[in-house]
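Heads up: take any position in the sequence shown, counting from 1, add 1274, and you land on this note's numbering.
Ideal Cβ placement from N, Cα and C applies to all residues, glycine included.
Below is one structure, written out as structure tokens; comments come after it.
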Amino acid sequence: MTLSTTIPRTFLDLLERAGRDGQPILLDGAMGTQLMEVGLLFGDPPELWNVLADKQAKVRAVHRGYLDAGSDVILTNTFGGNPFRLKMHNLHDRVFELNKAGAELARAEAGDRVVAGDIGPSGEILQPTGTLTYADAVEGFRAQAQGLAAGGVDLFWIETMSDLREVQAAVEGARLAAPHLPIVVTMTFDTRGFTMMGVSPAEAITELVKLDLAAIGGNCGNGPDELEAVIYAMRMVRQDIPLVAKSNAGMPKMINGKATYDASPAVMAEAARRLRAFGATLIGACCGSTPAHIRAMKSALFDQPPLDPATLTLTVPLARRRASNSDRRERRSRREV
Ligand SMILES: [Zn+2]
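Below, the structure is given as structure tokens:
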């Protein structure tokens, strides 16, 4: 008896289908801000909830919400699960346990759908600018990835990165832990179109393709308007790599000391169509988003006709862009040849 070949079973199957049929891949939305809605306190480590008997159901409920909304891929609740960040909570001896548990919770909800092991930045700065050695960074990410792999993730999802060397360390660590698993990397371009460490989208994709990744892109940041410029800039450089767009639900605003996000599901749905037209294949959302956002994005991506990129203009300018609109149009038409 053979399984149906029409239902993608792995992340690479999803990518292959996307390449073949031009179908986007729907990602999930926020985890951290969703857990805060159900009692996680700002500053507390969300990863601890993966092992607390009275909290595990809340983590699973977030996953369930996104799966029910249609996400093809969900990310584990392990964004801060590296030893450097866990050390701030004196949890650095529990890296394996917390990550394995996070992977198992997502796996238990996901069934046949794809579980990506979420790996966020160390929160430290690498030498020589900072104090973290490259070797220590590799080892820290390896330890996290080992827990995620033991819990059954299908791939690693390295996100919110701003330093290319730290990305390299994370990829190296992940490959040491599980050489067979695909890796996706997204960086955060939240500083006038650059990452905090000064990396442009064009530089990011130029360097990241050397790491043999399954997909590359941008996440978090200042909302979809800025992310569409990131996707556009990356697509100008490479046309052969699947791009990821996982924007925050709008530009974060501090209200009473709390970051709040005001992009509605309808706004994010339209943004998803634009991100798709600008060249993103894997589309989801980041901080401030909810299953309602993902459901609306799914409907926009799958039930509405795609937008024609030739009719679109970027909402915000590209980083370091000097070209005029007509130059951009010319470059875009060249890209489509
Ligand atoms: Zn975010």
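Do residue j and residue i come within 8 Å of each other at the CB atom, strictly closer than that value?
| i | j | result |
| --- | --- | --- |
| residue 1372 | residue 1365 | yes |
| residue 1352 | residue 1391 | yes |
| residue 1301 | residue 1527 | no |
| residue 1517 | residue 1465 | no |
| residue 1434 | residue 1522 | no |
| residue 1383 | residue 1334 | yes |
| residue 1431 | residue 1458 | yes |
| residue 1359 | residue 1396 | yes |
| residue 1575 | residue 1548 | no |
| residue 1323 | residue 1315 | no |
| residue 1357 | residue 1417 | yes |
| residue 1612 | residue 1534 | Residue coverage of the chain in this structure runs from 1275 to 1611, which leaves residue 1612 outside it and unanswerable. |
| residue 1540 | residue 1524 | no |
| residue 1546 | residue 1557 | yes |
Return yes when at least one heavy atom of ligand 1 lies under 7 Å from the C-beta of residue i, else no.
| i | result |
| --- | --- |
| residue 1351 | no |
| residue 1496 | no |
| residue 1616 | Since the first and last residues shown for the chain are 1275 and 1611, residue 1616 lies out of range. |
Under 8 Å by Cβ, that's how I've got residue i and residue j pegged, so tell me the actual separation to the nearest angstrom.
| i | j | result |
| --- | --- | --- |
| residue 1461 | residue 1498 | Actually they are not in contact, since the Cβ atoms of residue 1461 and residue 1498 sit about 16 Å apart, beyond 8 Å. |
| residue 1463 | residue 1495 | 6 Å |
| residue 1308 | residue 1347 | Residue 1308 to residue 1347, Cβ: 16 Å. No contact. |
| residue 1456 | residue 1286 | 6 Å |
| residue 1479 | residue 1490 | 6 Å |
| residue 1320 | residue 1306 | 6 Å |
| residue 1569 | residue 1421 | Not really, about 31 Å apart at Cβ, beyond 8 Å. |
| residue 1298 | residue 1550 | 6 Å |
| residue 1583 | residue 1552 | 6 Å |
Starting from the Cα of residue i, find the closest Cα among the options and give me that residue.
| i | options | result |
| --- | --- | --- |
| residue 1415 | 1296, 1310, 1369 and 1303 | 1369 |
| residue 1502 | 1564, 1475, 1567 and 1328 | 1475 |
| residue 1330 | 1376, 1452 and 1582 | 1376 |
| residue 1451 | 1424, 1437, 1436 and 1440 | 1424 |
| residue 1427 | 1578, 1310 and 1393 | 1393 |
| residue 1338 | 1482, 1387 and 1406 | 1387 |
| residue 1409 | 1418, 1437, 1389 and 1444 | 1444 |
| residue 1513 | 1539, 1529 and 1483 | 1483 |
| residue 1588 | 1544, 1500, 1534 and 1578 | 1500 |
| residue 1485 | 1354, 1590 and 1447 | 1447 |
| residue 1471 | 1571, 1404 and 1381 | 1404 |
| residue 1317 | 1349, 1284, 1363 and 1389 | 1363 |
| residue 1515 | 1398, 1584 and 1481 | 1481 |
| residue 1453 | 1511, 1429 and 1385 | 1429 |
| residue 1389 | 1288, 1531 and 1592 | 1288 |
| residue 1571 | 1340, 1310 and 1325 | 1340 |
| residue 1399 | 1361, 1436 and 1367 | 1436 |
| residue 1591 | 1560, 1561, 1507 and 1449 | 1507 |
| residue 1562 | 1310, 1295, 1296 and 1374 | 1310 |
| residue 1284 | 1560, 1529, 1488 and 1544 | 1488 |
| residue 1544 | 1577, 1530 and 1367 | 1577 |
| residue 1349 | 1381, 1477, 1326 and 1332 | 1381 |
| residue 1342 | 1402, 1385, 1367 and 1328 | 1385 |
| residue 1312 | 1328, 1327, 1296 and 1332 | 1332 |
Under 7 Å from any heavy atom of ligand 2, does the C-beta of residue i make it?
| i | result |
| --- | --- |
| residue 1301 | Absence of ligand 2 from the depicted structure is noted, with ligand 1 being the only ligands included. |
Can you check whether the C-beta of residue i is within less than 8 Å of a C-beta belonging to chain D?
| i | result |
| --- | --- |
| residue 1502 | Of the protein chains in this structure there is only one, and it is not chain D. |
- Task: Mind listing, in chain order, the continuous beta strand (DSSP E) runs of no fewer than 3 residues lying wholly within the stretch 1512-1564?
- Result: 1517-1521, 1527-1529, 1532-1534 and 1554-1559
- What are the uninterrupted segments assigned as alpha helix (DSSP H) that are 4 or more residues long and contained completely in the stretch 1378-1450, given in chain order? 1408-1424
- Task: Taking only runs that begin and end inside the stretch 1300-1380, name each unbroken alpha helix (DSSP H) of 4 or more residues, in chain order.
- Result: 1306-1311, 1330-1343 and 1357-1361
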